[in-house]
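Notes follow once the structure below has been shown.
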Amino acid sequence: MQNKKCKICKGNFFNNNSINFKKVPSSAQNFPEKNNLKNDRGINLNIFQCSKCGAVQAINKPVSYYKQVIRSSAFSKEMIKFRTLQFRKIINKYNLKGKKIIEIGTGQGEYLSILDKFQVKASGLEFSKKSVITLKNKKLNVQQGYIDKIKYNLKNTPFDAFCIFSYLEHLPNINIVLRAVHKNLKNDAIGIIEVPNFNLIIKKKLFSEFIRDHLFYFTKESLSKICLINGFDIVDISIVWHDYIISAIVKKIDRNKKIKLQKIMPLNLNQLTLKKNVIKMQIDNHLKKFKGKKIIAWGAGHQALTLISLTNLSKKISFIVDSATFKQNKYSPSSHIPIISPSQLHQLNFDLVIVLAASYSDEVIRILLKNYKSSFSICAYKENKLITIR
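Quick note on numbering: my numbering labels position 337 of the sequence shown as 765, and the sequence is numbered without any gaps.
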């Protein structure tokens, strides 16, 4: 990999410190139907860390839909409360009442609709034409587009503030996006930049969090450096939302100012591969007693799909249960297991359910214990280990 360079700062990757996961899903969003299974194949996911800026990154190509924002948990009551308190605090602290704020990557307007309730001039930029039409029908101020050049001109500039929520990690052209945003801001403008917290993945060895959709993985240190490279100083940076998100308040500075990046220490990426091997062994040992039995999994989120592919569970599972209707009657990407609804489970005979529902696992376990017959066994993948429930 000596010929590969960091996509952000052109630094070299650390040697002998990488991840190579084989046959992982090629997408976290596209679930194949029976008639196009032959066109769906897993990919090899190759992950490295830059020795200069520290950004952990995949050298794979982006997914086809990377320009649009797709969110899954934005409408939860807890998230709405969190964003409302966050926006109120920032608007008051930085005197943004009556000022222009733009969200880059608006999605379905989950966060913009909250921001719009405050006394600010809120607007958004979203690539998906369908989403933009929906948002305009909701009377939200949104422009359709995607930042693909530094001289990209946003409408109604300059802005007093901007926000980017869990979008940066999907983009192959981070420098271009941040520098274009920089150009469309007033001097001393501030911004909120949020990304998933890679420190948590390292700390808990969450190997199943890797998906092709994410091209970059950030720590507080690497996000700070990337912001500085692109003309933003860190005002405040913290870990929020149950430790899953890094939230940075940034301020526009002169991009011509000389910067010196401090030395980066390598993260131990190899330990994630070792953890994957340990979990595979645990699962294999547990399933030995169910040889010849019917096994079902519950959960088709991206963590579950990656886990199934990396531990060869696809050869042992008959069905996957998931409550998301857009996944039902389709197949899991890469592993090609039929996905059914919870109601269909009543019609089947099975011996073991493996719960792979991430943060919803406790809820799924309660449903299984309360609503289904008691003659089958239950185990769950929780906190990065396999736990026997019944």
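Ideal placement from N, C-alpha and C gives every residue a C-beta, glycine not left out.
Given the structure is predicted, the values throughout are model-derived calculations rather than measurements.
As DSSP reads the structure, phenylalanine 590 sits in a beta bridge with Ile530 and Gly619.
In terms of Cβ geometry, leucine 776 and tyrosine 809 do not form a close pair [threshold 9 angstroms]. No residue range can be given for leucine 697, since it is assigned to no beta strand (DSSP E) and is classified by DSSP as neither H nor E.
In this structure, leucine 797 keeps its C-beta atom at 9 angstroms or more from the C-beta atom of isoleucine 815.
Exclusion of the five residues before and after lysine 525 leaves Ile519, Gln547 and Val548 as the residues of its chain whose Cβ lies within less than 7 angstroms of its Cβ. Where valine 792 is concerned, the enclosing alpha helix (DSSP H) starts and stops at 789–799.
In this model, asparagine 603 and serine 802 are separated by some 55 angstroms (Cα to Cα). The continuous stretches of alpha helix (DSSP H) do not include glutamine 477, which lies in the beta strand (DSSP E) extending over residues 471–477.
Taking lysine 722 as the centre and dropping the five residues before and after it, the same chain places the C-beta of Ser746, Asn777, Phe778 and Asp779 closer than 7 angstroms to its C-beta, in chain order.
Here isoleucine 767 is not near leucine 741, since their CB atoms are 9 angstroms or more apart.
In this structure lysine 633 is in contact with leucine 700, their Cβ atoms being roughly 6 angstroms apart against a cut-off of 8 angstroms.
Pairing phenylalanine 626 with aspartate 544, the inter-Cα distance amounts to about 30 angstroms. Non-local beta-carbon contacts of lysine 579 in its own chain, meaning distances under 8 angstroms to residues more than five positions away in sequence, involve Ala608 and Lys611 in chain order.
CA-to-CA, the gap between arginine 469 and lysine 653 works out to about 36 angstroms.
Straight across, the Cα-Cα distance linking glutamate 506 with isoleucine 692 is about 36 angstroms.
Beta-bridge pairing by DSSP links aspartate 664 to Ile677. Under the three-state reduction of DSSP output, cysteine 481 falls in the coil class, being neither helix nor strand.
If you check the CB distance, phenylalanine 449 and lysine 704 come in under 9 angstroms. CA-CA distance, serine 559 to asparagine 458, rounds to 18 angstroms. The bridge partners DSSP lists for threonine 816 are Cys807. Between serine 492 and proline 761 the beta-carbon gap is near 13 angstroms, outside 8 angstroms, which marks them as no contact. Beta-bridge annotation (DSSP): tryptophan 726 is paired with Val749 and Val783. With respect to the C-alpha of lysine 527, the residue from Ser763, Ala617, Ile806 and Pro770 having the closest C-alpha is Ala617.
Between the segment 678–688 and the segment 641–660, the count of C-beta pairs closer than 8 angstroms reaches three or more; the two stretches touch. Between leucine 553 and isoleucine 529, the C-beta spacing is not below 9 angstroms. Rounded to the nearest whole angstrom, the CA to CA distance from tyrosine 574 to leucine 606 is 12 angstroms. With fewer than 16 other Cβ atoms from the protein chains shown falling within 10 Å of its own Cβ, proline 586 counts as exposed. Within its own chain, the residues whose Cβ lies closer than 8 angstroms to the Cβ of lysine 566, once the five positions on either side in sequence are excluded, are Gly537 and Ser541, listed in chain order. Note that the C-beta distance between leucine 643 and valine 623 is not below 9 angstroms.
A direct Cα-to-Cα measurement between glycine 535 and lysine 719 gives close to 45 angstroms.
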